[in-house]
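Residue numbers (my numbering): 1056 to 1562.
In this text, a Cβ means the ideal position worked out from N, Cα and C, and glycines have one as well.
Keep in mind the model is a prediction, meaning the values are calculated, not measured.
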Amino acid sequence: MSIDTSTATPATGPAALPAGTRILYGGNRLAEIPEEIAARFREGDRLLVADGEVLHVPCDEWARAEAAVEEAAAAFEQMGSVSDAQITRFFDRFAAALADDATWGTIARTNEADVQRARARGRSTTRLVATEKMRRGMIDGLREWRDSPSQRGRVLEILEHDGWRVEQVVSSYGVVGFVFEGRPNVLADGTGVLRGGNTTVMRIGSDALGTARTILECALHPALREAGLPRGAVTLIDSPAHAVGWAMFSQPRLGLAVARGSGRAVAQLGSIARQSGIPVSLHGTGGAWLIADESADAERLRACIFHSLDRKVCNTLNVLCLPGARAAALVPLALDALAERGEILGHGWRLHVVAGSEAAVPPELFARSTRVLRADGEREEPVADLVPEAMLAREWEWEATPEVTLVVVPSLSAAIELFNRYSPRLVASLISEDREAHEQFFAAVDAPFVGDGFTRWVDGQYALGRPELGLSNWQGGRLFARGGILTGDGVYTIRLRMTQIDRDLHR
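Following this line, the structure appears as structure tokens:
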């Protein structure tokens, strides 16, 4: 829910901002300043309130964010005189730098150090490691933008009038701000906004900050320079502090705020941006749902489960809904698929069974243990356990131990009702041989991404042939006039251009 931002009066020290001071927000609510924030607050610092929580932004973090957005805004003003050919050259040179083995070797060494630090802190590294596959994806994405036609200046519609006409013209939008987790490839993906003449400011998670710095130094900045683009067209805020992201999303010159990461952090960032009047593209919680009805092809279901669990990302299978009438036949196949994927990944598998569905699962699974790989190392856990229905809302974060929630339902309608109540409203897939069931499913399920097979198709580059800037789910309501995949060529505004033919035209 959107709420107002409160900025505290500058103080000279903790005594000027007593703990327990109440801040009015949202017009009719109060938040109290915690002791730890009161103790840290200094002159020039800012306070924000997001979803009732008081957030402290130190003066230097605010200044970093403000300067970065101002630099990007100044670069945007220059982008109007930058040719499409120059932007094409930027993507070409950036891709070529990443394709150079010496350059990538430098990036990979920095990334290895980032990964080691993250592991030492017990952090997940599944998205952090700069693999050869990640490298190839970055290069391919940049070359796709290189080869994509520019949308700048494209005429959407011409309206002819007597003696004059109006054109609706696609134009550059402005500064796009990104806050994203430790995924180095998003640094390349985010530059897609330049294709439309926009500029960008990015804040990356602390785990990948070293890798991001090296990519900028060795590949991105040289590409900007060689193409003749302003250096501020792509700006990385060099700070690991969460506060700098809050500050960035408070800057009024930001045109669009894009947040990728975990649920609560993204919701917080979105709240801050909305308070400042900044449109948002948010992807807070992942976890796909795979639903079967009584007509489901068993082998198709098995294959879709298996291919939806190759790695843990937002579109990975998280909840499996199976019909009670066919549970005896389908549950064993589902468990086989889960076990096979766990064997390939090498660290077992986990099953969470919603209470009331346990009769469909072999009882020995609840008594058996397995070695599970977590971010902080291996541990012994039960293969299966019972969870309450409310746990359908839980996204399982796993390293190399595929983890799924199973619920047995009496009907397709019941499965849809559970999805709309508990899911993050992101990915829904139905395995059914009944065409009317698919029509019912698409009409009733509240998700931006609906399919009839494996869940991992939800990706801008894979589905649309264009690198995604972010996915947006429908937790906060449906998206206005856009789809759930935000791509570089989807960031634009529409301007009206009038041409007068009759010189004596008047109203």
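Measure how close the beta-carbons of SER1331 and PRO1295 come, nearest whole angstrom, since I'm counting them as under 8 angstroms.
23 angstroms between Cβ atoms; not a contact.
Within a Cβ cutoff of 6 angstroms, which residues of the same chain sit near ARG1238, ignoring the five residues on either side of it in sequence?
ARG1182
Since VAL1225 sits in a beta bridge, which residues does DSSP pair it with?
ILE1549
How many whole angstroms separate the CB atoms of GLY1232 and VAL1256, which I take to be in contact at a CB cut-off of 8 angstroms?
5 angstroms
Is GLN1133 buried or exposed, if buried means 16 or more other CB atoms sit within 10 Å of its CB?
exposed
Determine contact between the region 1382–1392 and the region 1467–1480, defined as no fewer than three beta-carbon pairs at a distance below 8 angstroms.
no
Span separating the alpha-carbon of GLU1215 from that of VAL1221
7 angstroms
Could you tell me the boundaries of the alpha helix (DSSP H) in which ALA1347 lies?
First-last for ALA1347: 1343–1347, but that is the beta strand (DSSP E), not the alpha helix (DSSP H).
Which of the three DSSP states is assigned to GLN1141 in this structure?
helix
Taking a contact to mean a Cβ-Cβ separation below 7 angstroms, would you say LEU1372 touches VAL1408 in this structure?
no
Report the residue ranges of all alpha helix (DSSP H) runs contained in full by the region 1374–1406; include only those spanning at least 4 residues, in chain order.
1382–1400
Rounded Cβ spacing between THR1017 and PHE1361 (contact assumed at less than 8 angstroms)
Missing from the structure shown is residue 1017; the chain here goes from 1056 to 1562 and no further.
Tell me whether LYS1588 is buried or exposed, calling it buried when 16 or more other Cβ atoms sit within 10 Å of its Cβ.
For the chain, the structure presents residues 1056 to 1562; residue 1588 sits outside this window and is missing.
DSSP-derived helix/strand/coil call for VAL1482
strand
Would you kindly check if the distance between the Cβ of ASP1262 and the Cβ of ALA1173 is under 7 angstroms?
yes
Evaluate the contact criterion for the region 1332–1348 versus the region 1149–1164: three or more CB pairs, one atom per stretch, below 8 angstroms.
no
Using the beta-carbon count (16 or more within 10 Å), is MET1303 buried or exposed?
buried
Spatial neighbours of ALA1128 within its chain, please: CB distance less than 7 angstroms, with the 5 preceding and 5 following residues excluded, ordered by chain position.
VAL1230 and ARG1308
Going by beta-carbon coordinates alone, are SER1363 and PHE1509 separated by less than 7 angstroms?
yes
Measure from the alpha carbon of ASP1348 to the alpha carbon of each residue in GLY1506, SER1468 and GLY1316, then state which is nearest.
SER1468
Taking all protein chains shown into account, do 16 or more other C-beta atoms lie within 10 angstroms of the C-beta of ASP1217, making it buried, or fewer, making it exposed?
exposed
8 angstroms contact criterion, which VAL1438 and ARG1396 should meet: CB distance rounded:
No, VAL1438 and ARG1396 are not in contact; Cβ-Cβ is about 14 angstroms, not under 8 angstroms.
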